[in-house]
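S.K.: Please find one structure pasted underneath; my questions will follow.
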Amino acid sequence: MMQRLQSALPLLLLVALAFFLPGSYGSLFFLAFAFGMLFLGCRELFTMLNLAHGKLFSNLAFICGGGFIIGAMFPAVVQQYLIDTLMLALFCTSAFAVVMRHGPSIQNVHSLLVSIGVFLYFCWSLGFIPKIYFMDSNGHGRLLLLYMIAITKLADTGAYFAGTLTAKRPKGNHKLSKVISPKKSWEGLIGGTVTSLGASVGCYYWGVKALSINGQTPIGLVDAIIFGVVASLLGLAGDMAESAIKRAANVKDSGQLPGIGGVLDTLDSLIPMGPVFYAFLVLRTAL
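Structure (structure tokens):
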């Protein structure tokens, strides 16, 4: 537990600076944090998968994934879907050129297809997080992102404690998937859902209800209740997906951060949540 706290505190400090420093100062910390997480996450994923030309694919993914972050800074100028399409096309074209340069072997084609999947799973999905942060010039986008992160990570925390406590019973707890993640349990899922639901409703009354995007208030009480449940379910899905990758790669942690593993172990629950929350905000403020 102490190792986990020692590793988590610097990350929490960076997050606090990114979200609470006013104006461009906070934005600079957020950009530095986002690019750092993107670089380390790409390196961890491609190292785990041990692909042919993995380092080159990792660098390509970082460069093209960085395009998502830069494009997100100018939501009023750049059509977001255009940036996404261009970066995906650039990555696929560049990766295909790498394969052609080294010859179209089965191993190289396999690396190409897996790399495209990794790019979509990690870089494209996480690209929605800076989109939320820079969504509105009044700074409410960053607070809505903080709300999303808080309820998702609190679901993780609630699931951890509920699963740990119920595992001490004489008959243990009921496992979700012994093959993919033996420690995940139904009791943990329930505990995580209750925690995120309570946190979401609490955040709503604490100030989320007053946040606006383009002059519209996107989060109502019913929305807060729904997202309290959704955060737990999508967080679990992201956690299980990363566990499946680690099990396939035969590794325990994605990285070597004491107590918390790696960047992917930290971001896994946010990967599926980002696109869903962003889509909700866009649709809610457009209607």
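What the sequence shown shows, in my numbering, is residues 123 to 409, in sequence order.
Note that beta-carbon positions come from the ideal geometry of N, C-alpha and C, so glycine has one too.
Between which two residues does the beta strand (DSSP E) holding Ser307 run?
M.R.: Here residue 307 refers to the residue found at position 185 when the sequence shown is read from its first residue. Start and end: Ser303 to Ser307.
S.K.: Does Leu276 pass the burial test, meaning 16 or more other C-beta atoms within 10 Å, or should it be called exposed?
M.R.: Sequence index remark: in the sequence shown, residue 276 carries index 154 (1-based). Buried.
S.K.: Count the CB pairs spanning the stretch 302-315 and the stretch 383-392 that are closer than 8 Å, and state whether there are at least three.
M.R.: The stretch 302-315 is not in contact with the stretch 383-392.
S.K.: Taking the C-alpha atoms as reference points, what is the distance between Phe196 and Gly314?
M.R.: Indexing the sequence shown from 1 puts residue 196 at position 74. Indexing the sequence shown from 1 puts residue 314 at position 192. Each residue's alpha carbon lies about 35 Å from the other.
S.K.: Tell me the rounded alpha-carbon separation between Lys290 and Ala321.
M.R.: In the sequence shown, residue 290 corresponds to position 168, counting from 1. In the sequence shown, residue 321 corresponds to position 199, counting from 1. Cα to Cα, Lys290 sits roughly 26 Å from Ala321.
S.K.: Relative to the C-alpha of Arg406, which candidate in Met395, Thr339 and Leu358 has its C-alpha closest?
M.R.: If you number the sequence shown from 1, residue 406 lands on position 284. Nearest of Met395, Thr339 and Leu358 to Arg406, Cα basis: Thr339.
S.K.: Please work out which residues of its chain come closer than 6 Å, Cβ to Cβ, to Gly360, disregarding the five sequence neighbours upstream and downstream, and give them in chain order.
M.R.: By one-based count along the sequence shown, residue 360 stands at place 238. Taken in chain order, the residues that qualify are Asp390, Ser391, Ile393 and Pro394.
S.K.: Could you tell me how far apart the beta carbons of Ser318 and Ser365 are, in whole angstroms, since I believe they sit closer than 8 Å?
M.R.: Locating residue 318 in the sequence shown gives position 196, where the first residue counts as 1. Locating residue 365 in the sequence shown gives position 243, where the first residue counts as 1. Not really, about 19 Å apart at Cβ, beyond 8 Å.
S.K.: For Gly337, name the three-state secondary structure that DSSP assigns.
M.R.: Position 215 of the sequence shown, counted from the first residue, corresponds to residue 337. Reduced to three states, the DSSP call for Gly337 is coil.
S.K.: At what residues does the alpha helix (DSSP H) containing Ser146 begin and finish?
M.R.: Numbered from 1 along the sequence shown, position 24 holds the residue referred to as residue 146. First-last of the alpha helix (DSSP H) with Ser146: Gly145 to Leu171.
S.K.: Where does Met222 land, buried or exposed, given buried means 16+ other C-beta within 10 angstroms?
M.R.: As a first step, residue 222 must be located in the sequence shown, where it is residue number 100. Met222 is exposed by the Cβ-count criterion.
S.K.: Return helix, strand or coil for Ser365, following the three-state DSSP convention.
M.R.: Locating residue 365 in the sequence shown gives position 243, counting from the first residue. Looking at Ser365 - three-state DSSP - the assignment turns out to be helix.
S.K.: Could you check whether Gly396 and Ser216 sit closer than 8 Å to each other, using their CB atoms as the reference points?
M.R.: The count along the sequence shown starts at 1 and reaches residue 216 at position 94. The count along the sequence shown starts at 1 and reaches residue 396 at position 274. Their beta carbons are not under 8 Å apart, which means Ser216 does not touch Gly396 by this criterion.
S.K.: With distance defined between alpha-carbon atoms, name the residue in Phe256, Gly324, Leu204 and Met159 nearest to Phe244.
M.R.: Walking along the sequence shown from the start, residue 244 turns up at place 122. When each option's Cα is compared against that of Phe244, the closest is Met159.
S.K.: Kindly indicate the opening and closing residues of the beta strand (DSSP E) around Leu298.
M.R.: By 1-based counting over the sequence shown, the position of residue 298 is 176. Taken as a continuous stretch (DSSP letters only), the beta strand (DSSP E) holding Leu298 covers Lys297 to Ser299.
S.K.: Check each candidate in Ile348, Leu162 and Gly188 and name the one with the smallest Cα separation from Phe250.
M.R.: As a working note, residue 250 is residue 128 in the sequence shown. For the residues Ile348, Leu162 and Gly188, the minimum Cα distance to Phe250 belongs to Gly188.
S.K.: Apart from the five residues just before and just after Thr207, which ones in its own chain have a Cβ nearer than 8 Å to its Cβ?
M.R.: Position 85 of the sequence shown, counted from the start, is the residue given in the question as residue 207. Within the same chain, Thr207 has no close Cβ partners at all.
S.K.: Note the first and the last residue of the continuous alpha helix (DSSP H) segment covering Asn230.
M.R.: Here residue 230 refers to the residue found at position 108 when the sequence shown is read from its first residue. Ile228 to Val240 is the span of the alpha helix (DSSP H), which, as asked, contains Asn230.
S.K.: So what's Gly193 in DSSP terms, helix, strand or just coil?
M.R.: Looking up residue 193 in the sequence shown gives position 71. DSSP places Gly193 in helix when its eight states are reduced to three.
S.K.: If I measure Cβ to Cβ from Gly280 and keep anything under 7 Å in the same chain, skipping five residues before and after, which residues do I get?
M.R.: As a position in the sequence shown, residue 280 is number 158, starting the count at 1. Counting only Cβ-Cβ distances below 7 Å, and skipping sequence neighbours, we find Gly313, Gly314, Val316, Thr317 and Ser318.
S.K.: Residue range of the alpha helix (DSSP H) that Arg406 falls in?
M.R.: For this step, residue 406 is matched to residue 284 along the sequence shown. Residues Met395 to Ala408.
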